[in-house]
Amino acid sequence: MCIGFPGKIMCIDENNYATIDIGGTKREVCLDIIDEPVGLGDYVLCHAGYAIHKVDEALAQDKLALLKELLEA
Amino acid sequence: MKFIDEYRDGTLAKGLKDLIQTQAEQIGKPVTLMEVCGSHTYAIGHYGIRKLLPESIRLISGPGCPVCVTSGRDVDTAMSLALKKNVIFVTYGDMLRVPGSSGSSLQKIRAGGADIRVVASTLEAIEIATHNPAKDVIFMGIGFETTSPTVASMVKICLKKAIKNLSVFSVHKVIPPAIKVLLDDPELAIDGFICPGHVSTIIGFDGYTEIPRRGSAAVITGFEPVDILEGIHMILAQIIQGRFFVENQYSRAVKPQGNTKALEMLGEVFMIVPAEWRGLGIIQASGLVFNDTFSAFNALARFDVPIMESSNIMGCMCGSILRGVATPHECPLFRHACNPQNPIGPCMVSREGTCSTYYKCH
Chain V
1 MCIGFPGKIM CIDENNYATI DIGGTKREVC LDIIDEPVGL GDYVLCHAGY AIHKVDEALA
61 QDKLALLKEL LEA
Chain F
74 MKFIDEYRDG TLAKGLKDLI QTQAEQIGKP VTLMEVCGSH TYAIGHYGIR KLLPESIRLI
134 SGPGCPVCVT SGRDVDTAMS LALKKNVIFV TYGDMLRVPG SSGSSLQKIR AGGADIRVVA
194 STLEAIEIAT HNPAKDVIFM GIGFETTSPT VASMVKICLK KAIKNLSVFS VHKVIPPAIK
254 VLLDDPELAI DGFICPGHVS TIIGFDGYTE IPRRGSAAVI TGFEPVDILE GIHMILAQII
314 QGRFFVENQY SRAVKPQGNT KALEMLGEVF MIVPAEWRGL GIIQASGLVF NDTFSAFNAL
374 ARFDVPIMES SNIMGCMCGS ILRGVATPHE CPLFRHACNP QNPIGPCMVS REGTCSTYYK
434 CH
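In order, the protein sequence lines correspond to chains V and F.
When the letters of the first sequence are read in order and numbered with my numbering, they come out as residues 1 to 73.
When the letters of the second sequence are read in order and numbered with my numbering, they come out as residues 74 to 435.
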């Protein structure tokens, strides 16, 4: 039930709802719970109609690079 | 899909599998790890993670599926509310088929005429209430910390928009007290916890500090195969070093402090009370109900519901399975009387239930 998926913000309306793109599928999510400012192009983690987290892209890339390094060592 | 495909990469998974094999040999004795999130239970089965691991690494499932841990009494109460006159009962789909103590379910009483509607978000419940002003709409609030902020948001929206015909039957629970019960269980000896990724998005690291204090590893882990394998690798590394702490594999989705806004909303709307968990019994400070400011939204205060004399389902081992002390194969009903077409216990109903996952994947 705690399923969540990352989506890219395509637009944000005046009621604090964002349209997000998840691999080509569009969904509307409410931004009332997210605790960081978000804008167009940001990736957010979505759960039950709400964005609950702004994905830290730079951190994700760094961690993935570190994992690749570890496995190649 | 970005942030998904990278974590389904076969080369990375193979590399981690080899690394885990080496670590298991280094440890040289059996290791038991527990996941306490239904989405992990599902992903571990779906991606065949158990088959990738050495025999000495045993994965067991804990009480991580909110539908499964909902007590028979709460299921009976939900049905009683759904049968009230002039009520539209709104719930997540997983809840529909969970049998109550009489063997009936929300799905069965819906077939008998009760107005029960399935939604994917609390925002849809607000829409139903808005479009049906003459009806009383009851939302069944179920789920752990990932989901409860969406209910907090819903009642705040209702307050702001003066929507008065929507109330909530809250069976929301919080995870850390259940983990403590597992740590206290003499029948269990868990070497490491695969901590739930999206619960941690909200609560951060704080809820897990008891785990390393008791000498077990705790790694907050994501849900893709590479995430899970890396989480297991990090747990084994802690075991090898003999140094235990709360570690975060899923940093792209979890901050140490969690989501502070969501936590504030939970504090603003709910208070913490004892709650009954299927399999674990009453756990102190593990349930969420509305505080005095929001008590008008409490469906149990709004409607007269008798105290249920609920009983356990005969022969069903869901309780032991939820504690991690039995696997579905040990249940006499598993696969025979109890199967996805005719679920007897809740762990067979939910896609994320341990029995449902074992039925499909093992």
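In this text, a Cβ means the ideal position worked out from N, Cα and C, and glycines have one as well.
Review point. Where glycine 216 of chain F and serine 144 of chain F are concerned, what is the direct C-alpha to C-alpha distance, given to the nearest angstrom?
Key: Cα to Cα, glycine 216 of chain F sits roughly 13 Å from serine 144 of chain F.
Exercise for review: Jot down the residue ranges of each uninterrupted beta strand (DSSP E) in the region 299-378 of chain F, minimum 3 residues, whole runs only, in chain order.
Suggested key: Every unbroken stretch of the beta strand (DSSP E) spanning 3 or more residues and falling wholly within the region 299-378 of chain F is given here in chain order: 319-321, 343-350, 354-363.
Exercise for review: Give every residue of the same chain whose Cβ lies closer than 6 Å to the Cβ of histidine 438 of chain F, excluding the five residues on either side of it in the sequence, and list them in chain order.
Suggested key: Only positions 74 to 435 of chain F appear in the structure, and residue 438 of chain F is not among them; the question remains open.
Check your understanding: Going along chain F in order, which residues have a C-beta closer than 7 Å to the C-beta of alanine 60 of chain V?
Key -> In chain order: Phe76, Arg325.
Review point. Near cysteine 138 of chain F, what residues of its chain come up, given a Cβ to Cβ distance below 6 Å and the 5 sequence neighbours on each side ignored?
Key: So the list reads Gly111, Ser423, Glu425, Gly426, once near-sequence residues are dropped.
Review point. Is it buried or exposed for isoleucine 356 of chain F, if we count other Cβ within 10 angstroms and need 16 for buried?
Key: It counts as buried.
**Study point:** Straight-line gap, lysine 233 of chain F to methionine 227 of chain F (C-alpha atoms, nearest Å)
**Key:** Roughly 10 Å separates the two Cα atoms.
Check your understanding: Applying a beta-carbon distance threshold of less than 8 Å, which residues of chain F neighbour aspartate 35 of chain V?
Key -> The answer, in chain order, is Asn332, Thr333, Lys334, Ala335.
Review point. Apart from the five residues just before and just after phenylalanine 266 of chain F, which ones in its own chain have a Cβ nearer than 6 Å to its Cβ?
Key: Cβ neighbours of phenylalanine 266 of chain F beyond the five flanking positions: Met107, Ile284, Ala291.
Practice item. In angstroms with no decimal places, state the Cα-to-Cα distance between glycine 352 of chain F and proline 405 of chain F. Key: Answer to the nearest angstrom: the Cα atoms are 17 Å apart.
Practice item. Just tell me which of F:Pro298, F:Lys229, F:Met387, F:Ala202 has its CA closest to the CA of glutamine 322 of chain F. Key: The shortest Cα separation from glutamine 322 of chain F among F:Pro298, F:Lys229, F:Met387, F:Ala202 belongs to F:Pro298.
Practice item. Classify lysine 181 of chain F as helix, strand or coil using the three-state DSSP reduction. Key: Residue state, collapsed to three classes: helix.
Check your understanding: Terminal residues of the continuous beta strand (DSSP E) containing aspartate 32 of chain V?
Key -> Neither: aspartate 32 of chain V is in no beta strand (DSSP E) and is coded neither H nor E.
Review point. Buried or exposed: which applies to glycine 4 of chain V, given that a residue is buried once 16 or more other Cβ atoms fall within 10 Å of its Cβ?
Key: Flag for glycine 4 of chain V reads buried.
Review point. Taking three-plus beta-carbon pairs below 8 Å as touching, is the region 34-44 of chain V in contact with the region 329-344 of chain F?
Key: The region 34-44 of chain V vs the region 329-344 of chain F: in contact.
Exercise for review: Starting from the N-terminal side, write out each stretch of the beta strand (DSSP E) that is 3 residues or longer and does not extend beyond the region 21-67 of chain V.
Suggested key: Listed in chain order, they are 25-30, 43-47, 50-54.
Point to revise | Check whether glycine 118 of chain F and cysteine 411 of chain F have beta carbons under 7 Å apart | key: Cysteine 411 of chain F sits away from glycine 118 of chain F, with the two beta carbons spaced by 7 Å or more.
**Study point:** Rounded separation between proline 269 of chain F and histidine 113 of chain F - CA only
**Key:** Each residue's alpha carbon lies about 8 Å from the other.
Review point. When every heavy atom of the ligand ZN is checked, does at least one fall within less than 6 Å of the C-beta of glutamate 297 of chain F?
Key: This structure lacks the ligand ZN; in fact it carries no ligand of any kind.
Exercise for review: Check aspartate 264 of chain F in the structure and name its three-state DSSP category.
Suggested key: Coil at aspartate 264 of chain F, not helix or strand.
Point to revise | Limits of the unbroken beta strand (DSSP E) element including glycine 111 of chain F | key: Taken as a continuous stretch (DSSP letters only), glycine 111 of chain F belongs to no beta strand (DSSP E), being part of the alpha helix (DSSP H) at 111-119.
Review point. If you pair each beta-carbon of the region 355-369 of chain F with each one of the region 385-392 of chain F, do three or more pairs fall below 8 Å?
Key: No contact exists between the region 355-369 of chain F and the region 385-392 of chain F.
Point to revise | Buried or exposed by the 16-neighbour rule on C-beta atoms within 10 Å, applied to cysteine 11 of chain V | key: It is exposed - the Cβ of cysteine 11 of chain V has fewer than 16 other Cβ atoms within 10 Å.
Exercise for review: Would you check if the distance between the CB atom of serine 134 of chain F and the CB atom of alanine 97 of chain F is smaller than 7 Å?
Suggested key: Contact flag unset, no.
Practice item. Would you decide whether methionine 469 of chain F is buried or exposed? Buried here means 16 or more other CB atoms lie within 10 Å of its CB. Key: The structure shown does not extend to residue 469 of chain F, since chain F spans only 74 to 435, so no value can be given for it.
Check your understanding: Is the beta carbon of cysteine 30 of chain V less than 7 Å from the beta carbon of tyrosine 43 of chain V?
Key -> No.
Review point. With DSSP run on the structure shown, which of helix, strand or coil describes threonine 143 of chain F?
Key: Residue state, collapsed to three classes: strand.
Practice item. Count the other C-beta atoms from every protein chain shown that fall within 10 angstroms of the C-beta of glutamate 218 of chain F, then say buried if there are 16 or more, exposed otherwise. Key: Per the 10 Å Cβ criterion, buried.
Review point. How about alanine 51 of chain V and threonine 220 of chain F: are their beta carbons less than 7 Å apart?
Key: Contact flag unset, no.
Check your understanding: Pairing CB atoms from the region 235-246 of chain F with CB atoms from the region 79-96 of chain F, are three or more of them under 8 Å?
Key -> Note that the region 235-246 of chain F does not touch the region 79-96 of chain F; fewer than 3 beta-carbon pairs, one per stretch, sit closer than 8 Å.
Exercise for review: Alpha carbon to alpha carbon, how far is phenylalanine 343 of chain F from threonine 223 of chain F? Give it in angstroms, no decimals.
Suggested key: Distance between the alpha carbons of threonine 223 of chain F and phenylalanine 343 of chain F: 12 Å.
Check your understanding: Whose CA, out of F:Ser178, F:Ser174, F:Lys157, lies closest to the CA of glycine 166 of chain F?
Key -> Distances from the alpha-carbon of glycine 166 of chain F to those of F:Ser178, F:Ser174, F:Lys157 put F:Ser178 closest.
Exercise for review: Verify the CB distance criterion: does cysteine 110 of chain F have a CB-CB separation below 7 Å to chain V?
Suggested key: Taking Cβ atoms only, chain V reaches closer than 7 Å to cysteine 110 of chain F, which makes this a yes.
Review point. Is there at least one Cβ from chain V nearer than 7 Å to serine 243 of chain F's Cβ?
Key: Serine 243 of chain F does not count as touching chain V.
Practice item. Closer than 9 Å, Cβ to Cβ, to anything on chain V: give me those residues from the region 256-275 of chain F, in chain order. Key: Along the region 256-275 of chain F, the positions whose C-beta sits under 9 Å from a C-beta of chain V are Pro269, Gly270, His271, Val272, Thr274, Ile275, read in chain order.
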